[in-house]
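Participant:
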Amino acid sequence: MAERKKQKSLVIAVDLGGTKILAALVSRDGRIVARERRLTGAEGGPRVVIDRLCGAIDALLEREKIDISQLQGISVSAAGGIDDKKGVVTKSPNLPGWHDIPLRDMVKERYNLTTFLINDASAAALGEHRFGVARDARNFVLLTIGTGIGGGIVIDGKLYHGAVGSAGELGHMTIDVNGPVCKCGNIGCLEVLASGTAMAEEARRRIKQGEPSILADLVGGNIDTISGKEVGDAAEKGDALALDVIRHAATYLGIGMVNLVNIFNPEMIVVGGGVSSLGELLLAPARRLVQERAFPVSARAVKIVLAKLGNEAGILGAAAYAFEH
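Using the working numbering, you'd call the opening residue of the sequence shown number 4 and step up by one each time.
#1: Rank Ala166, Ala137, Thr177, Gly76 by C-alpha distance to the C-alpha of Asp159 and give the top, closest one.
#2: Along the chain, where does the beta strand (DSSP E) that runs through Ile307 open and close?
#3: According to the Cβ coordinates, are Pro288 and Val144 closer than 9 angstroms?
#4: Could you give the DSSP three-state label for Asp86: helix, strand or coil?
#5: Could you check which residue in Ala322, Leu246, Val305 has the C-alpha nearest to that of Arg38?
#6: Pairing CB atoms from the segment 191–209 with CB atoms from the segment 251–266, are three or more of them under 8 angstroms?
#7: So the alpha helix (DSSP H) Ile249 belongs to, where does it begin and stop?
#8: Less than 9 angstroms between the C-beta atoms of Leu63 and Ala26, yes or no?
#9: In whole angstroms, give me the CA-to-CA distance for Glu6 and Val29.
#10: Does the contact criterion of 3 or more C-beta pairs under 8 angstroms hold for the segment 38–47 versus the segment 93–101?
#11: Comparing alpha-carbon positions, which option in Asp32, Asp18, Ser72, Lys68 lies nearest Ile53?
#12: If Val261 sits next to Val248, beta carbons under 8 angstroms apart, how far is it from one beta carbon to the other, in whole angstroms?
#13: Spatial neighbours of Val184 within its chain, please: CB distance less than 8 angstroms, with the 5 preceding and 5 following residues excluded, ordered by chain position.
#14: Could you give the first and the last residue of the continuous beta strand (DSSP E) run that contains Ala16?
#15: Could you check whether Ile104 and Arg55 sit closer than 9 angstroms to each other, using their CB atoms as the reference points?
#16: Which one of Thr177, Phe267, Ile318 has the shortest CA to CA distance from Ala302?
#17: What are the boundary residues of the beta strand (DSSP E) that Leu146 is part of?
#18: Residue range of the beta strand (DSSP E) that Met271 falls in?
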């Protein structure tokens with residue numbers, strides 16, 4: 004305890020998502036000392052979510068017998084548009100009612116401690132760069148594919164924030180100008196074509212039109228409950244519809260990657276998030292498309308790999324962000 008207090012070698016990192024809140028005590032070398040999980044309760048609005056976030060922090064401090072003065076800071080990663088200079092969540096599709104919420108200052112005022120706010124996918128990119136698969140890369144792009152699609156960009160070893168901190172919304176590049184409407188209000192975004200949600204919706208649509216699939220059996224006949232996970236499970240069992248849905252999503256993902264390769268010329272594209280568990284079912288078609296369509300010199304230079312840190316990437320990246328700032 005005395006050593007912790009002397010060195011102030013810990014931060015509290017919080018990963019605020021649409022369904023869960025994960026708070027953790029993290030050391031400077033990327034070790035997660037302790038963690039606390041809460042349901043987000045997003046349907047209750049910003050005040051309910053912030054109370055739950057602070058409740059997770061309070062429980063962590065109490066259980067580990069840590070005084071706030073022993074910490075170097077608090078760092079929160081959150082999904083959605085972030086103005087990191089102002090510390091504001093400008094908009095979050097997965098957090099209803101979140102418009103221009105000054106989350107950083109609200110947490111700072113409660114704990115009287117230096118507090119940081121960072122986009123969750125940018126935090127994941129920083130985590131993979133400092134502690135994961137991209138440790139040796141100077142220039143890389145991270146795509147997180149789950150319910151939605153997020154991204155983070157590292158240029159010359161540093162996280163790229165953009166003018167106001169909202170860089171990296173890679174899931175909202177337009178892939179199909181005549182495509183479906185995205186939650187962000189745009190049309191044909193990568194997210195609405197290649198996310199886990201998109202795969203589930205496409206599978207449900209095709210089954211309701213009469214195409215055969217074991218997916219109906221996997222969900223006990225309740226087609227409306229099919230999620231991206233069930234699509235992946237069915238594909239692993241060789242289900243033709245599920246495999247075709249994933250191939251279509253992988254094609255859209257590959258087109259997005261072609262854009263990223265041509266724009267950024269990265270050493271790596273790192274793919275994380277829950278849908279990344281599909282592995283080569285998703286990545287192999289995307290890789291082929293990059294080799295076919297990207298500028299040859301850039302296509303030869305890039306490696307497309309799976310993330311290493313899993314659900315801990317955002318927590319570790321948020322902690323690294325606090326220590327480095």
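In this text, a Cβ means the ideal position worked out from N, Cα and C, and glycines have one as well.
Facilitator: A quick look at the data gives this:
#1: Numbered from its first residue, the sequence shown carries residue 159 at position 156. It is Ala137 whose Cα lies nearest to the Cα of Asp159.
#2: Counted from its first residue, the sequence shown places residue 307 at position 304. Element bounds for Ile307: 306–309.
#3: For the purposes of this step, residue 288 is identified with residue 285 of the sequence shown, where counting begins at 1. For the purposes of this step, residue 144 is identified with residue 141 of the sequence shown, where counting begins at 1. No, Cβ-Cβ distance for Pro288 and Val144 is not below 9 angstroms.
#4: Counted from its first residue, the sequence shown places residue 86 at position 83. Residue state, collapsed to three classes: strand.
#5: Here residue 38 refers to the residue found at position 35 of the sequence shown. Selection Ala322, Leu246, Val305 evaluated against Arg38 yields Ala322 as nearest (Cα-Cα).
#6: yes
#7: The residue you call residue 249 lines up with position 246 of the sequence shown. Ile249 -> alpha helix (DSSP H) spans 243–267.
#8: Translated into the one-based positions of the sequence shown, residue 63 becomes position 60. Translated into the one-based positions of the sequence shown, residue 26 becomes position 23. With contacts defined as CB atoms closer than 9 angstroms, Leu63 and Ala26 qualify as a contacting pair.
#9: For the purposes of this step, residue 6 is taken as residue 3 along the sequence shown, with counting starting at 1. For the purposes of this step, residue 29 is taken as residue 26 along the sequence shown, with counting starting at 1. Confidence at Glu6 is low in this model, with a pLDDT of 44, below 50, so the placement of that residue is unreliable and no value is reported for it.
#10: yes
#11: Mapped onto the sequence shown, residue 53 falls at position 50. Checked all of Asp32, Asp18, Ser72, Lys68; the closest Cα to Ile53 is Asp18.
#12: Along the sequence shown, read from residue 1 onward, the residue named residue 261 stands at position 258. Along the sequence shown, read from residue 1 onward, the residue named residue 248 stands at position 245. Their Cβ separation, rounded to whole angstroms, is 21 angstroms, which puts Val261 and Val248 out of contact at 8 angstroms.
#13: Numbered from its first residue, the sequence shown carries residue 184 at position 181. Around Val184, the same chain offers Ile190, Val195 as residues with beta carbons nearer than 8 angstroms, after the five sequence neighbours per side are excluded.
#14: In the sequence shown, residue 16 corresponds to position 13, counting from 1. Where Ala16 is concerned, the enclosing beta strand (DSSP E) stretches over 13–19.
#15: Here residue 55 corresponds to residue number 52 of the sequence shown, with the count starting at 1. Here residue 104 corresponds to residue number 101 of the sequence shown, with the count starting at 1. No, Cβ-Cβ distance for Arg55 and Ile104 is not below 9 angstroms.
#16: Counting from 1 along the sequence shown, the entry for residue 302 is found at position 299. For Ala302, the nearest C-alpha among the options comes from Phe267.
#17: On the sequence shown, position 143 is the one that residue 146 refers to. Per DSSP, Leu146 belongs to the beta strand (DSSP E) from 143–148.
#18: Residue numbering aside, residue 271 sits at position 268 when the sequence shown is read from its first letter. Its beta strand (DSSP E) spans residues 271–275.
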